[in-house]
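A short write-up of the structure that comes next.
Residue numbers (the working numbering): 316 to 486.
Written as structure tokens, this is what we have:
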């Protein structure tokens with residue numbers, strides 16, 4: 316039997332924050348979170364089970380294992396030492412979907428116009444974009460692996476589209 320060209324699956328729940336702030340705040344928040352917040356556009360950094368994704372000039376998505384929200388929020392707030400910043404927990408707002416396999420980029424491209432060739436969208440790149448009619452954060456975690464962060468209410472729609480693409484590539 317041939318290997319599947321692609322698999323999709325919901326990933327386990329996670330702690331998530333949207334963080335916004337200036338240079339001093341970001342310099343304090345990175346060490347408090349345990350991952351340097353990327354300064355390069357559309358890039359992600361990972362240390363252990365924690366990741367920081369650059370979403371805009373002063374905005375990052377922070378991802379950590381489930382159950383760490385309260386502790387991390389307190390640690391990051393203390394690290395700011397009065398510096399202005401926004402730390403908003405969004406753990407329940409969205410879910411993550413993994414798309415993995417040789418045809419993952421093609422399947423995503425059935426619903427998204429980005430050039431997902433490895434030279435244009437390398438491992439570690441992330442961006443806020445659209446997937447059909449849903450807003451997502453798309454992150455390439457491996458040569459043939461993507462993580463899609465999507466609002467919980469749109470997850471069945473995005474998952475259904477990806478599963479349809481899986482069936483198409485299996486035919």
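Just so you know, even glycine gets a beta-carbon here, dropped at the ideal spot from N, CA and C.
Handout entry: Segment limits, beta strand (DSSP E) that includes residue 332
Key = 329-336
Problem - 8 Å Cβ cutoff met for residue 453 and residue 461 - result: yes
Exercise for the section: Within its chain, find whatever has a CB closer than 7 Å to the CB of residue 353; leave out the 5 residues flanking it on each side and keep chain order. Expected result: 359, 360, 367, 369
Problem - Pairwise C-alpha distance: residue 426 and residue 476 - result: 8 Å
Exercise for the section: Let me know if residue 468 comes out buried or exposed under the rule of 16 or more other beta-carbons within 10 Å of its beta-carbon. Expected result: exposed
Exercise for the section: For residue 404, collect the residues of the same chain with a Cβ closer than 8 Å to its Cβ; drop the 5 residues on either side in sequence, then sort them by chain order. Expected result: 330, 331, 332, 384, 388
Problem - Local conformation of residue 425 per DSSP, three classes - result: coil
Exercise for the section: With a threshold of 16 other CB atoms inside 10 Å of the CB of residue 377, please say whether the residue is buried or exposed. Expected result: buried
Practice task
Could you pull out every residue in the same chain whose Cβ sits closer than 6 Å to the Cβ of residue 339, ignoring the five residues on either side in sequence?
Solution key: 398
Problem - Straight-line Cα distance separating residue 455 from residue 395 - result: 30 Å
Problem - Collapsed DSSP secondary structure at residue 355 in the structure displayed - result: coil
Practice task
Compute the beta-carbon to beta-carbon distance between residue 349 and residue 362, rounded to the nearest angstrom, for a pair I have assumed lies under 8 Å.
Solution key: 6 Å
Problem - Boundaries of the beta strand (DSSP E) in which residue 451 is found, first to last residue - result: 449-457
Handout entry: Three-state secondary structure (DSSP) of residue 431
Key = coil
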